[in-house]
Amino acid sequence: MGCCFSAPKQADDDHRHHDAPDTNVNPPHHPQSLAPSRQTEPSETQAEGTTPLRQYTLAELVAATHGFSLQNMLSKGGGKFPNMVFSGHLPGPQEIVVKRFSMVAWPDAEEFKKEVIKAGRLRHHRLVNLIGYCCDEDERLLVAEFMPNDTLATRLFSPTNKTLEWSMRVRVASYVAEALEYCINEGQALYFDLNSYKVLFNEADFPCLSGFGLVKSQRNGNCYSIHTAYIPPECMNGMKTPESVIFSFGVLLRDLLSGKETPQNKAIHMILGRNVPVVVDSRLNGEYPIEEEIALAGLANQCLRYEPKDRPTIKDVIATLAQVQSNAAGEAQ
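Numbers 1 to 333, taken from the UniProt record's numbering, label the letters of the sequence shown in order.
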């Protein structure tokens, strides 16, 4: 099998998704003195217009997360090698999010560092940017910007939250597509585990795509997603292509339209290439242009086509979304 399966409700490995924490959170067993963090050589990470990743010491990140405490845990990922995400504070003050990988997932520190540096060169206003990492001892840690205003999943699926308005749903789709196009243009064709938990809202309440999805959850890359609904059919045979990300984007569009997580039984139908009708979120009370709904539903169905070659490219996706937004702007005048 070329992908990791789990129930759609299983804990995600991104931040601001609060699950019941696992009590078996072990602090690092090799405490170190607080040495100054190191800047990675510019030649390794720095392209024009980017900021080099910071190489933190383990002691710095232990202090920032209060020893990877349960109180700081934001989520624990599923799969064979679960990774954990913690909130943290660095001097400054600076709020951060730290993803703690299982050592089994990345046994080779240099291999992990190479993967992180490759992803860390990407800088875009539609991304939650990576800012650093740590490979001390047997720890594999990834540090990203903190997003204060929840995930798309929280806003869409929580029954206690205010209904996400239609215009914001269209904006989310457009911004995520822009982030993916940027990554593809920069040579990062695969984004791992694209789902509604990977979309986070910044301090200005704009949606951004998590940088954690730019780094594989494990060295062999077998785990494309821990969410069954987002796994494309070709991953059943271990094949992952840029078109696989388009499939996952199609599921994200379904989430935006329906306001509900795709249940596992429907996910299996999608994996088998069967059309699954989508019902628009009733909480919107019909307050959306029907032409836009038809366009987005049609785009979702194209993205979910069984054969990867039959799915639209990211440029096609952006063109369709741009047309939807253009029509909306014209109607508003």
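Don't be surprised by glycine CBs; every beta carbon is placed ideally from N, CA and C.
Only a predicted model underlies this, so the values are computations on that prediction, with no experimental measurement involved.
As the crow flies, the alpha-carbon of L257 is around 5 Å from that of V280. Assigned with DSSP and collapsed to three states, A300 falls in helix.
Annotated three-state conformation of G259 is coil, per DSSP.
A direct Cα-Cα distance of roughly 7 Å separates G250 from L299.
Taking 8 Å as the upper bound for CB-CB distance, N129 and G211 are in contact here, some 6 Å apart. Residue environment: D136 is assigned as buried (16 or more neighbouring CB atoms within 10 Å of its CB, all protein chains considered). Its chain contains V170, E292, A295, L296 as the residues whose beta carbon lies nearer than 7 Å to that of V324, once the 5 sequence neighbours on both sides are disregarded; these appear in chain order. Between the alpha carbons of P52 and H89 lies a gap of roughly 20 Å. At least 7 Å separates the beta-carbon of C134 from that of L74.
For V85, the enclosing beta strand (DSSP E) begins and ends at 84-90. DSSP places K216 outside both helix and strand once states are collapsed to three, so it counts as coil. According to the DSSP assignment, R155 belongs to the alpha helix (DSSP H) that extends over 152-157. Per DSSP, C208 is one residue of the beta strand (DSSP E) stretching across 207-210. In the three-state DSSP reduction, L74 falls in the strand class (E or B).
Within the segment 89-163, the runs of alpha helix (DSSP H) at least 4 residues long that lie entirely inside it are, in chain order, 109-120, 152-157.
Burial is judged here by how many other beta carbons sit within 10 angstroms of a residue's own beta carbon; R305 has at least 16 and is buried.
Judged by their CB atoms, P308 and E243 are nearer to each other than the 7 Å cut-off.
Two segments are said to touch when three or more pairs of C-beta atoms, one from each, lie closer than 8 Å; by this definition the segment 147-155 does not touch the segment 65-74. Between E115 and V245, the CB-CB gap reaches or exceeds 7 Å.
Between the alpha carbons of F86 and W106 lies a distance of about 19 Å.
Put simply, the backbone Cα of E111 is about 13 Å away from that of D138. Distances from the CA of M103 to each of P91, V97, L142 were compared; the closest alpha carbon is that of L142. Annotation for V199: no alpha helix (DSSP H) segment contains it, though the beta strand (DSSP E) segment containing it runs 199-201.
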